[in-house]
Structures are given as C-alpha cells and as structure tokens.
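Visitor: Below you will find the structure I want to go over with you.
Number of protein chains: 2
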Amino acid sequence: MIQNLNKHERESLHEALAKSGQKITPQREIVYTVLLAQRDHPTVDEVYHRALETMPGLSLATVYNCLETFVGCGLVRQVNHERESTRYCPNLAPHAHFRDESTGRVHDIELPKEILDQLTKILPANFETETIEISFQGRTKSSTQN
Amino acid sequence: MIQNLNKHERESLHEALAKSGQKITPQREIVYTVLLAQRDHPTVDEVYHRALETMPGLSLATVYNCLETFVGCGLVRQVNHERESTRYCPNLAPHAHFRDESTGRVHDIELPKEILDQLTKILPANFETETIEISFQGRTKSSTQN
DNA sequence: ATTGAGATTTTGAATCATTCTAAACGGCTA
DNA sequence: TAGCCGTTTAGAATGATTCAAAATCTCAAT
Numbered sequence: 032m033i034q035n036l037n038k039h040e041r042e043s044l045h046e047a048l049a050k051s052g053q054k055i056t057p058q059r060e061i062v063y064t065v066l067l068a069q070r071d072h073p074t075v076d077e078v079y080h081r082a083l084e085t086m087p088g089l090s091l092a093t094v095y096n097c098l099e100t101f102v103g104c105g106l107v108r109q110v111n112h113e114r115e116s117t118r119y120c121p122n123l124a125p126h127a128h129f130r131d132e133s134t135g136r137v138h139d140i141e142l143p144k145e146i147l148d149q150l151t152k153i154l155p156a157n158f159e160t161e162t163i164e165i166s167f168q169g170r171t172k173s174s175t176q177n
Numbered sequence: 032m033i034q035n036l037n038k039h040e041r042e043s044l045h046e047a048l049a050k051s052g053q054k055i056t057p058q059r060e061i062v063y064t065v066l067l068a069q070r071d072h073p074t075v076d077e078v079y080h081r082a083l084e085t086m087p088g089l090s091l092a093t094v095y096n097c098l099e100t101f102v103g104c105g106l107v108r109q110v111n112h113e114r115e116s117t118r119y120c121p122n123l124a125p126h127a128h129f130r131d132e133s134t135g136r137v138h139d140i141e142l143p144k145e146i147l148d149q150l151t152k153i154l155p156a157n158f159e160t161e162t163i164e165i166s167f168q169g170r171t172k173s174s175t176q177n
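Chain order of the listed sequences is X and B. Counting in the working numbering, the first sequence runs from 32 upward without gaps. Counting in the working numbering, the second sequence runs from 32 upward without gaps.
Structure, rendered in structure tokens:
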C-alpha cells in the first residue's frame with residue numbers, strides 16, 4: 032500500500048544522507064517513504080505504525096533516530112504545536128502551518144517570499160536567523176474540508 | 032527583591048480574573064508579580080523558584096495552575112520552542128519571539144501590524160485564525176548582549 | 001568476495017515536563 | 001455557623017522523548 036520511492040525521491044534521500052556523511056539503511060528508506068506517501072504531518076508514533084506494515088520489527092527508537100537524522104540533513108521539517116507530539120513534514124518549500132483546533136489537523140500554507148523578507152527585516156541588526164516558524168491556530172469553516 | 036504589583040498591574044490582574052469568573056488568591060498575585068518582575072520568559076520551574084522566595088511552601092502544581100489560568104484569561108502568553116519547557120510572557124502587545132540558540136534566551140521582537148495583516152491574508156478564505164505564532168531561531172552576534 | 005571500523009538498530013530502562021487525583025483549605029453567602 | 005465551590009497541595013501517574021549497552025549492519029579498502 033505504500034509506494035516505493037521514485038528515482039528522484041530516492042536520489043534526494045541518498046544525496047542528503049551522503050552530504051552529511053550518513054549511511055543508507057532500509058529503515059531510513061522506509062521512514063522517508065512513509066513521510067512522502069501521506070503528507071499529513073504525522074507524529075513519530077503514526078510514522079512508526081505506518082512503517083511497521085512494511086517492516087514488521089522496526090523499532091520506535093529507530094523511527095526517532097531516522098526522523099532526527101532527516102531533520103539534521105534538511106530533508107524534513109519538524110512541526111511543533113503547543114505541547115503536542117512533534118509532527119514531521121517533508122515539504123521543503125517555505126511555508127507556514129495552520130492547525131485546525133477542531134480536527135487537530137495541520138495544513139501547509141504557502142508563504143510568499145516577500146513576507147519572509149519583511150519578517151527578517153524586523154529583527155535587530157545583530158540577530159542572525161537560522162529558521163523562522165510561523166504557525167496559525169484556529170478553525171476551518173465547513174465548506175470543503177481540505 | 033520582588034516589587035509588589037503597582038496599582039495598574041493589580042487592576043489588570045483583578046479585572047482579568049473577574050472577567051472570567053475566577054478568584055483572586057495570594058498565589059496568583061505572587062505568580063503574576065514574578066512574571067512582571069523579570070520579563071525573561073521564565074519556565075514554570077523558574078517562576079516556581081522565584082515565587083518560593085516570597086511564599087515558601089507554594090507548590091509547583093499551583094504555579095502550573097496559576098499560569099494556565101492566566102493564559103486562559105489572556106493575561107499571559109505561552110512561548111513554545113521545539114520541545115523545551117514552555118515559557119511564559121506577560122507582554123500582550125503583538126510580537127514575535129527570537130530564540131538565541133547559544134544562550135537559550137528568548138527575546139521579544141516587535142511585530143508591525145501590517146505584517147500581521149498580510150499574514151492573515153495568505154490563509155484560504157475558510158480558515159479562521161485565533162492565534163498566530165512567529166518564532167525565529169538563530170544567534171545574536173556579540174556586540175550588546177541584549 | 002572478505003574484513004574491519006564505525007555507524008545504526010534494537011530493547012528496555014530512564015528522564016522530565018506536565019497532568020491528574022484526592023484530600024485539605026479558604027472565603028463567601030445563606 | 002454551616003455549607004458550597006473554587007483553589008491549593010502532595011504525590012502519583014502519564015506520555016513523549018532520550019539514553020545505554022549490546023547486537024547488527026554498511027561501506028570502503030583489501
């Protein structure tokens with residue numbers, strides 16, 4: 032039920048790992064595949080259970096390890112909301128997150144470059160940014176349940 | 032070492048509590064006082080230890096309760112960064128947070144209203160925002176260690 | 001193909017912030 | 001003075017995440 036990585040996806044994975052001097056393992060491929068297969072910002076536990084179907088015996092700690100590795104080499108972003116479990120997102124384009132309080136779901140919101148630029152401008156001169164996180168919290172009015 | 036609340040501060044506290052039908056207690060006054068006394072985004076534990084000096088015997092659970100109450104009635108904002116302990120901030124003006132990775136300190140960054148406006152505009156029509164959180168992560172280059 | 005060094009995975013225990021529970025307390029109204 | 005209800009307290013419980021140690025795997029060099 033989970034497709035394999037396509038050539039391009041496999042390449043990004045291998046490149047990213049290689050670039051930061053890490054090895055390719057079946058576990059890492061599967062965890063990455065799970066992330067790409069369903070871009071719904073899963074928690075570690077969700078990734079774990081999805082991956083188990085392909086690789087029974089995979090351990091939770093490994094999923095933690097893999098995801099940490101991916102974040103470390105820039106393949107994946109962490110999404111934190113309040114004190115909830117950390118979620119993971121393979122969308123590398125600059126974007127914000129909107130958390131729907133009624134469903135708990137997280138949606139990606141495209142982020143125009145100009146806004147990002149403006150944001151970095153409000154910082155005092157000696158502040159050097161590495162990451163910017165923008166998260167909305169609210170509800171979606173019925174209509175299309177995106 | 033910790034000043035009492037001034038008239039205006041005490042009023043905001045009493046008003047906010049009254050408005051949401053909650054009682055004024057010595058614990059709440061002290062916790063609020065601690066927050067105002069040193070606006071360095073303390074964790075619950077930091078608030079707890081500071082408050083202990085004024086009220087020995089205060090319990091940690093109470094500090095959790097008080098802070099939750101304040102957040103609930105809009106007196107105080109939570110500041111979350113990654114998976115670290117939640118921090119608390121009595122600055123009610125719209126602002127972003129900058130977390131200095133080398134010191135762990137969190138700085139308030141004034142947020143121009145126009146940027147906030149622009150941000151709400153990038154949301155799909157049926158998304159209703161309640162809160163927006165913007166957090167920067169990076170380092171401050173020496174000079175004045177603000 | 002084989003080997004060895006070093007990275008990775010695994011299991012289960014440990015950590016730590018936060019939440020929960022139940023009992024004691026406090027203040028206000030009848 | 002009694003009772004009600006919100007608050008505080010201490011300590012236990014929870015739950016996500018991290019850690020430790022041993023087993024296993026990957027990859028470059030042979």
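Backbone N, C-alpha and C fix where the C-beta goes; we use that ideal spot for every residue, glycine too. In this text, all values refer to a predicted model and were calculated from it rather than measured experimentally.
Could you say which of LEU83(X), ILE165(X), LEU67(X) lies nearest to TYR119(X) if we only look at CA atoms?
Guide: LEU67(X)
Visitor: Go ahead and label HIS128(B) buried or exposed: buried means 16 or more other beta carbons lie within 10 angstroms of its beta carbon, across all protein chains shown.
Guide: buried
Visitor: In this structure, how does DSSP classify ALA168(B) when only helix, strand and coil are distinguished?
Guide: In the sequence on display, residue 168(B) carries Gln and not Ala. The answer is strand: DSSP assigns GLN168(B) an E or B state.
Visitor: Going along chain X in order, which residues have a C-beta closer than 9 Å to the C-beta of ASN122(B)?
Guide: Those do not exist, as ASN122(B) stays about 15 Å from chain X at its closest Cβ, beyond 9 Å.
Visitor: Within 9 Å of any Cβ in chain B, is that where the Cβ of GLU113(X) sits?
Guide: yes
Visitor: Check whether chain B comes within 9 Å of PHE101(X), counting only Cβ atoms and requiring the distance to be less than that.
Guide: With a threshold of 9 Å between beta carbons, PHE101(X) makes no contact with chain B.
Visitor: Less than 8 Å between C-beta atoms, sequence neighbours within five positions excluded: which residues of the same chain meet that for GLY105(B)?
Guide: ALA47, LEU123
Visitor: For ILE140(B), list the residues DSSP reports as bridge partners.
Guide: ALA127(B)
Visitor: Looking only at C-alpha atoms, which of LEU147(X), GLU113(X), VAL65(X), ASP139(X) sits nearest to GLU40(X)?
Guide: VAL65(X)
Visitor: Please compile the residues from chain X whose C-beta is within a distance smaller than 7 Å of the C-beta of SER166(B).
Guide: SER166(B) reaches chain X at GLU164, counting residues in chain order whose Cβ is nearer than 7 Å.
Visitor: According to DSSP, is ILE163(B) part of a helix, a strand, or is it coil?
Guide: strand
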